[in-house]
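K.L.:
In UniProt numbering, the protein residues as written are 1 to 1068.
From the three backbone atoms N, C-alpha and C, an ideal C-beta is built for every residue, glycine too.
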């Protein structure tokens, strides 16, 4: 049988124990000559050091079988055939090997004074003395010793393998010690491993940590091959894994004691997934050893459901259930190494408690598991406890193991306490039973073995994955909810608690922000959201919320970590009050990892009644510099809100081991102080985001993501507002304050690059039509959500709730009925310019926009045909605006005789006048509803032609017809008759008042860049916006910010009313 070492401290560690072909033999096998020997080889090196009489061990039960167990005695490699000048030393009685040629590193005996070692020397991986030196990364050196057990009848006896394992400072080089039990034919029957010990376990200092393994010698064992292996991981020239004080002892016949305590019904566990499999996991229930056969006067107590064993005879120590009040103890008792009423010195004695768990009914193969518990000891003493789970197949062979502990005196800061630890992995295939063993080992001299363990948990299933740590909220950070004050406690993550103090495994160096609950789908010690020091530009204070660091090489793309905080606002009467959510968000350099902050409003039943979100801030918005950018969202608290759950979500996008999304300086304010003092722009969330459990399909990418992860848009080219399919139309216009939520209307976004139209309503996002995985005109007369589109662009809602979609790539206009059915409305589906009376028989070429008037007549921008087609509600072609020939002509004449050039956006004012974004002419045209006459209301075509027709940016504060535009793509009007223009290649939104004056209301700099949510619109940047829309009820302006892959909402610029739009100035 072979034991496969499983994940250690949440890391998979490959035990690279290379077994040498020729090993030193001890016992009945004769060694090489006195001087030892060197084996000839074309590559690598192998040295067999002699075993002096003082080191020779005659194998016997109950004693250490390993000769020269601390590498105290040695022979120079030059005496074994190495070249002159090679300063390394081979431990006597051992065969040292290396894949490197001399004088490269070989496993050696080295002088050392590291904490945790015994004597003056240790086994050490070796140093490369070659010139030029060679990196030792992934190089493993070994020392082996073969022990003959032929005379011992060892099969079936218990054994202990102990030693001290360590390394150098923060480096990741490691050592392991393996005992392979072999049969007469040399085949391996089973093995035991101690190590590795990682840098975190050592506190990132050069030291050695005690380790132990216990088990039963396989039947048929005649030899044991002990291998010390040291592996280079960190770059450099020394292999710094080291080991010392090795001990392999096989119990003598009839020696020691073993007591199997009964398992009362109250403690019995029926094995199940996602539940603790360990019975009596805290040793709270016990049976007196005397009731189990111990001699009278033995006052030890054995934990119920466990078998306690010791190499000492009763009444000396065996592992017991003992009362304890140490910090870290759950309940009143712990597993304890044992008390010795005699004066027997227990240094080196290992006692155990074991329990066998039958998991054959669970079909556990390949399922995740976690093994957790609290381990510790007494004061400054080094006695310790470990907990080992050994996975066995149906024949009882060990096929894997996992362990936690020990907690060293240094980790306990020299105090008597227990510390939490854990390890995570996957159940090996073929597992039928799991043997859980509490190993308590004595190191210090004395009569008691003070290692202790408690609160054990072995869980298999989905609950064995991930981590969640709730940090306390100190009085100084606590917030009494009040209006017009920040409701968030510890909003900058300045105060924190070590994850290990919250139950994370030993060596986990992450810190959780106080007053917050941090969670991650990764197992510790890999990343969970933490409080971390930062000096990035934009940081307030010294720390930030950070996505998490992964000491292993786990790649984090797609991983979302969170911190959540629940705020009780039931006493404030917040419904209908304005709020502001703000914070500073950012990331690292050019990487795309990001952070968002979400506020979810809940009623008294815990139902979500609304949400708000800020972020993410892209690398482009940060100028690809490690920094934070301020973001904000304004809104109105939904009626019935009693609790608000704030979630900081950090999402890994770029490959690597760290999640670099960052947040800081959070604020959530409710009350009149949250009302903006002027117009603001804010980035709308595009997904179902919040703290609710579960996943959803991202409307942008189609990926299944956690509910806290925002979605993605790809090149949105259309946006409209209305009461569309699936919703009852409003009876009458309901004019509300601009901070109110949209009661009836939805925002429809053409996610053009992903071939879908999405609906944004009440903070949620859903796909109304199209597919993320297919394109083309399919699905007519069926549900719109089951149909496909191809590069949908503009949309418009009529008064009955039907939504019209310019299905640009399919050269048609589709309509989604109020009942959710989709069908073709106009276009034959073949690109062309042929028109007929029937709109569905007419040819369109790349239609990009639609508009609907009060009579439900539909206007279509037939863009590549340089015309606008008017279609009745019944599908009849009523008229054509534009001759179809590209050009600029016809102002003052009937619109049908005019020339347009690539018309895009369309909008109707209160009087039914039609506005056309004549994009390639860099002007806005108006078709009079009464006369049918066409005019230009914005843009200076003559000036544009003088500049080679390339467009420009000028004219603010003056007549719109004297201004320069640059490929305007979208238009919309508010109730006051103001016309908003998506001045696309100027990256700006221009406003033309009803009187004809033009200004820039969004991005006055006209330079491309990312949005700044919560900023003044004029200060925020855009990137090639293609469309705009105005909600007539809330007077909010919406922008399809196409190359930012976002939709922006602008407060404070659109106005109410029922006025017509601007007209062309009178000719002078």
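1) Under 8 Å by Cβ, that's how I've got residue 1069 and residue 601 pegged, so tell me the actual separation to the nearest angstrom.
2) What beta strand (DSSP E) runs, 3 residues minimum, are completely inside the UniProt domain "Teneurin NHL" (954-1050)?
3) Could you give the residue range of the alpha helix (DSSP H) that holds residue 634?
4) Unbroken beta strand (DSSP E) runs of length 3 or more, entirely within the region 45-76: which are they?
5) Nearest CA to the CA of residue 219: which residue from 882, 184, 245?
6) Do residue 866 and residue 846 have their CB atoms nearer than 8 Å?
7) With DSSP as the reference, label residue 121 as helix, strand or coil.
8) Quick one: any contact between the region 1003-1023 and the region 610-624, if contact means 3 or more CB pairs under 8 Å?
9) Is residue 223 helix, strand or coil when you go by DSSP?
10) Identify, in the order they occur along the chain, each residue of the same chain with its Cβ nearer than 7 Å to the Cβ of residue 22, setting aside the five sequence neighbours on each side.
11) Which word fits residue 731, buried or exposed, when buried means at least 16 other C-beta atoms lie within 10 angstroms of its C-beta?
12) Using beta carbons (cut-off 8 Å, strictly below), is residue 482 in contact with chain B?
13) Would you give the residue range spanned by the beta strand (DSSP E) that residue 621 belongs to?
14) Decide if residue 941 is buried, meaning its Cβ has at least 16 other Cβ atoms within 10 Å, or exposed.
15) If you scan the region 270-299 from start to end, which runs of the beta strand (DSSP E) of 3 or more residues do you find wholly inside it?
16) Note the first and the last residue of the continuous alpha helix (DSSP H) segment covering residue 904.
17) Are the region 529-542 and the region 441-461 in contact at 8 Å, needing three or more beta carbon pairs?
18) For the region 498-512 against the region 482-489, do three or more pairs of beta-carbon atoms, one drawn from each stretch, fall closer than 8 Å, so that the two count as touching?
19) Bridge partners for residue 915 per DSSP, in chain order?
20) Considering Cα atoms alone, identify which of 589, 69, 569 is closest to residue 606.
21) Tell me where the alpha helix (DSSP H) around residue 185 begins and ends.
22) Tell me which same chain residues have a C-beta within less than 8 Å of the C-beta of residue 997, skipping the five on either side of it?
23) Taking the alpha helix (DSSP H) that residue 943 belongs to, which residues open and close that run?
24) Where does residue 242 sit, in a helix, a strand or coil, going by DSSP?
25) Which same chain residues end up closer than 6 Å to residue 494 when comparing Cβ atoms and leaving out the 5 residues on each side of it in sequence?
26) Are the region 250-270 and the region 144-162 touching, with three or more C-beta to C-beta distances below 8 Å?
27) Tell me residue 803's beta-bridge partners as DSSP assigns them.
28) Need the endpoints of the beta strand (DSSP E) that residue 773 sits in, please.
29) Return the chain-ordered list of same chain residues with a C-beta closer than 6 Å to the C-beta of residue 993, the five sequence neighbours on each side being excluded.
30) Which residue from 662, 178, 118, 980 puts its Cα closest to that of residue 146?
31) Could you tell me which residues DSSP puts in a beta bridge with residue 642?
32) Taking DSSP as the reference, what is the three-state secondary structure of residue 454?
33) Put residue 1059 into one of helix, strand or coil per three-state DSSP.
34) For residue 356, count neighbouring Cβ atoms within 10 angstroms of its own Cβ and tell me buried if that reaches 16, exposed if not.
35) Does DSSP put residue 421 in a helix, a strand or coil?
36) Taking only three categories from DSSP, how would you classify residue 358?
P.N.:
Reading it off the structure:
1) Because the chain here runs from 1 to 1068, residue 1069 falls outside it and cannot be looked at.
2) Every beta strand (DSSP E) stretch that sits fully inside the UniProt domain "Teneurin NHL" (954-1050) and reaches 3 residues is listed by chain position as 970-973, 979-983, 988-992, 998-1002, 1027-1031, 1036-1041.
3) Premise fails: residue 634 lies in the beta strand (DSSP E), 627-636, not in any alpha helix (DSSP H).
4) Within the region 45-76, the complete beta strand (DSSP E) runs of at least 3 residues are 45-48, 74-76.
5) Ranking 882, 184, 245 by Cα distance to residue 219 puts 184 first.
6) Result no, Cβ atoms of residue 866 and residue 846 do not sit closer than 8 Å.
7) When secondary structure is reduced to three states using DSSP, residue 121 falls in the strand class.
8) Three or more beta-carbon pairs separated by less than 8 Å link the region 1003-1023 to the region 610-624, which places the two stretches in contact.
9) In the structure shown, the three-state DSSP call for residue 223 is strand.
10) Any reading at residue 22 must be qualified, since the residue scores a pLDDT of 27, below 50, and its modelled position is unreliable; the value itself is stated next. Excluding positions up to five away in sequence, the list reads 39, 46, 48, 95.
11) Because the pLDDT at residue 731 is just 36, under 50, the model does not fix this residue reliably, and the point stays unresolved.
12) Given the protein chain composition of this structure (a single chain), no chain B is represented.
13) Following the DSSP letters along the chain, one finds residue 621 in no beta strand (DSSP E), marked with neither H nor E.
14) Flag for residue 941 reads buried.
15) With a minimum length of 3 residues, the continuous beta strand (DSSP E) runs that stay inside the region 270-299 are 286-288.
16) That residue, residue 904, is in no alpha helix (DSSP H); its beta strand (DSSP E) goes 903-908.
17) Too few Cβ pairs lie closer than 8 Å, so no.
18) Between the region 498-512 and the region 482-489, the count of Cβ pairs shorter than 8 Å is below three; the stretches do not touch.
19) Looking at the DSSP assignment, residue 915 forms a beta bridge with 907, 926.
20) When only C-alpha atoms are compared, the closest one is 569.
21) From DSSP, residue 185 is part of no alpha helix (DSSP H); its letter is neither H nor E.
22) Result list for residue 997: 957, 958, 959, 960, in chain order.
23) Unbroken alpha helix (DSSP H) run through residue 943: 941-946.
24) Of the three classes helix, strand and coil, the one that applies to residue 242 here is strand, per DSSP.
25) Result list for residue 494: 541, 543, in chain order.
26) They touch, by the three-pair rule.
27) Answer is 797, 816.
28) Bounds of any beta strand (DSSP E) do not take in residue 773, whose DSSP letter is neither H nor E.
29) Within the same chain, and ignoring the five residues on either side of residue 993 in sequence, the residues whose Cβ sits closer than 6 Å to its Cβ are 978.
30) With distances taken between Cα atoms, residue 146 lies closest to 178.
31) Paired residue(s): none; residue 642 is not in a bridge.
32) Assigned with DSSP and collapsed to three states, residue 454 falls in strand.
33) Of the three classes helix, strand and coil, the one that applies to residue 1059 here is coil, per DSSP.
34) Exposed.
35) In the displayed model, residue 421 falls within a strand according to three-state DSSP.
36) It is a strand residue.
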